[in-house]
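Reviewing the structure listed below.
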Amino acid sequence: MSEIRNRQWRVARYPASNEPISSALFEWVENSVPEPSDNQFVVKTLYLAPGPALRGYLDPNHKQFLGNVPVGEVMRGRGIGVILSSKNPDYAVGEYFVGSLGWQDYSVQHPRGKEFVFSTKKISAPLRPLSLELGILGQSGATAYFGVLEAGRIKAGDNVLVSAAAGGVGSAAGQIARIKGAAKVVGLASTDKKCQWLVDTLGFDAAINYKTADLSHQLAEEFPKGIDLFFDSVGGDILNTGLAHISLNARVALCGFIATDYDPHANIGPINYRNLLYQRATMQGFIVFDYWERFAEAEQALRQWHSTGELVFCEDLSDGLEKMPQAVEDLFAGNNSGVKICRVNDEPA
Ligand SMILES: NC(=O)c1ccc[n+]([C@@H]2O[C@H](COP(=O)([O-])OP(=O)(O)OC[C@H]3O[C@@H](n4cnc5c(N)ncnc54)[C@H](OP(=O)(O)O)[C@@H]3O)[C@@H](O)[C@H]2O)c1
């Protein structure tokens, strides 16, 4: 085992406000592969799923969720891997494992109580490709599932707007809304190609290129009776414009605010919040981990819809651990269609 190297990206420094994620923030290090101690096991990373939350991990003032990653440590990252060696009887060599593997080839894992339970799992009957377990059948799918059903309280006949619709969570949210009986699902994306893909491949009823369209005008056209459920991952101007078009008793599910992730101080106030009052609407933030006790329910539903073809698998694959900084940069540049995935090592046959 000692001849194999463990390649790692370690945090070298935090970005300045508005500085894009790039390899300049990280240091590439090669170490020997770790050995497990009692109760531990070593996981070989197969895929990592870089998400916008990584931006917060590089913010020295970030206190939410798991907090920031100290300079000098391996960059945090969620992934799926295969157990390579184990001194824990519950985790056998060859089993697949989803969890916080970090931007590296090999990580030492061990059960760590509640945090471990809700963010990790062994995969007993994996579907191929294994990256599905990070995307539509994993955290992206579960975020969309609980956001649409719980924060969004979807009802049959709803007219639904999804922002960042061509992304990992948004592409699942729009499909789940349709499965749950939405009358109309409209997505927002930054290119005509993505908009076409939302309609042709994912079955959205319409999609709006928010970069080129007069968004307010288009929303009025698409939603003559207003938006009943707005699933928003963007914040900023898009949230504000959407709020102007909500219907009576509308629900706004706040999933994220990627438009202002880079610079929280650039946050504009959603002045159209007044419409929440006029329309007796509710706006609710949610965090997927709040529902960890119900993950099995989401997993079962997502697998079922996937097996019937109602939930289309969509991922945007980069190849190689060395591409991880670029993969995150791509997310913020909107270069992905579907869940952003980075293949680190080949899946076992
Ligand atoms: N609440 C939770 O528990 C939870 C869990 C997971 C993720 N999230 C949030 O969900 C959102 C989506 O995450 P994801 O992993 O699925 O990422 P993603 O949607 O696959 O990728 C981000 C997408 O956001 C869009 N975007 C980027 N910068 C933007 C900007 N300035 N204005 C408007 N759109 C912009 C881009 O699409 P276009 O170029 O097409 O606009 C990009 O493809 C993020 O806000 C994330 O923080 C929340």
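Numbering (the numbering used here) for the sequence shown: 3 to 351. Positions of the beta carbon are idealized from the N, C-alpha and C atoms, including for glycine.
Residues near residue i in its chain [Cβ-Cβ closer than 8 Å; skip 5 each side]
{"i": "Arg296", "result": "Phe148"}
{"i": "Lys89", "result": "Pro38, Ser39, Asp40, Asn41, Gln42, Phe43"}
{"i": "Gln198", "result": "Ala209"}
{"i": "Cys344", "result": "Tyr49, Leu50, Ala51, Pro52, Leu319, Ser320, Asp321, Gly322, Leu323, Lys325, Met326, Ala329"}
heavy atom of ligand 1 below 7 Å from residue i C-beta
{"i": "Thr145", "result": "yes"}
{"i": "Leu221", "result": "no"}
{"i": "Cys316", "result": "no"}
{"i": "Leu241", "result": "no"}
{"i": "Ile289", "result": "yes"}
{"i": "Ser24", "result": "no"}
{"i": "Lys195", "result": "no"}
{"i": "Pro54", "result": "yes"}
{"i": "Ile260", "result": "yes"}
{"i": "Val100", "result": "no"}
Assigned secondary structure, residue i (DSSP; H/G/I helix, E/B strand, else coil)
{"i": "Ile210", "result": "strand"}
{"i": "Thr284", "result": "strand"}
{"i": "Val71", "result": "coil"}
{"i": "Gly154", "result": "coil"}
{"i": "Gln42", "result": "coil"}
{"i": "Phe148", "result": "helix"}
{"i": "Trp105", "result": "coil"}
{"i": "Ala191", "result": "strand"}
{"i": "Ser87", "result": "strand"}
{"i": "Thr310", "result": "helix"}
{"i": "Thr203", "result": "coil"}
{"i": "Thr243", "result": "helix"}
{"i": "Asp292", "result": "helix"}
{"i": "Val13", "result": "strand"}
{"i": "Gln111", "result": "strand"}
{"i": "Ile138", "result": "coil"}
{"i": "Asn161", "result": "strand"}
Neighbour flag for residue i against chain B, beta carbons, 8 Å
{"i": "Gly96", "result": "Reference to chain B is not applicable here, since this structure consists of a single protein chain."}
Rounded straight-line distance, which links the Cα of residue j to that of residue i
{"i": "Ala252", "j": "Lys227", "result": "11 Å"}
{"i": "Leu256", "j": "Ala153", "result": "8 Å"}
{"i": "Leu333", "j": "Gly53", "result": "7 Å"}
{"i": "Arg9", "j": "Gly81", "result": "15 Å"}
{"i": "Gly205", "j": "Gly170", "result": "15 Å"}
{"i": "Val13", "j": "Gly340", "result": "27 Å"}
{"i": "Pro214", "j": "Asn242", "result": "Note on identity: in this sequence residue 214 is Thr, with Pro being the wrong assignment. Approximately 17 Å, taken between the alpha carbons."}
{"i": "Trp11", "j": "Ser25", "result": "9 Å"}
{"i": "Leu136", "j": "Val110", "result": "19 Å"}
{"i": "Ile1", "j": "Glu5", "result": "In this structure the chain extends from 3 to 351, so residue 1 is not present and cannot be described."}
Own chain residues within Cβ distance below 6 Å of residue i, not counting five before or after
{"i": "Leu129", "result": "none"}
{"i": "Gly83", "result": "Val45, Lys46, Thr47, Leu48, Phe99, Leu103"}
{"i": "Phe315", "result": "Ile138"}
{"i": "Ala166", "result": "Gly172, Ser235, Val236"}
{"i": "Asp348", "result": "none"}
{"i": "Phe259", "result": "Gly237"}
Nearest-angstrom Cβ-Cβ length linking residue i and residue j, presumed shorter than 8 Å
{"i": "Asp107", "j": "Val290", "result": "That pair is no contact at about 27 Å."}
{"i": "Leu245", "j": "Asn277", "result": "5 Å"}
{"i": "Val164", "j": "Gly143", "result": "In fact, because the Cβ distance is near 14 Å, the residues do not count as touching under 8 Å."}
Residue i beta carbon near ligand 2 (any heavy atom closer than 7 Å)
{"i": "Gly170", "result": "The model depicted lacks ligand 2 and carries ligand 1 instead."}
Own chain, CB closer than 7 Å to residue i, minus 5 neighbours either side, in chain order
{"i": "Met3", "result": "Model confidence at Met3 stands at a pLDDT of 46, short of 50, so the residue's coordinates are unreliable and nothing is read from them."}
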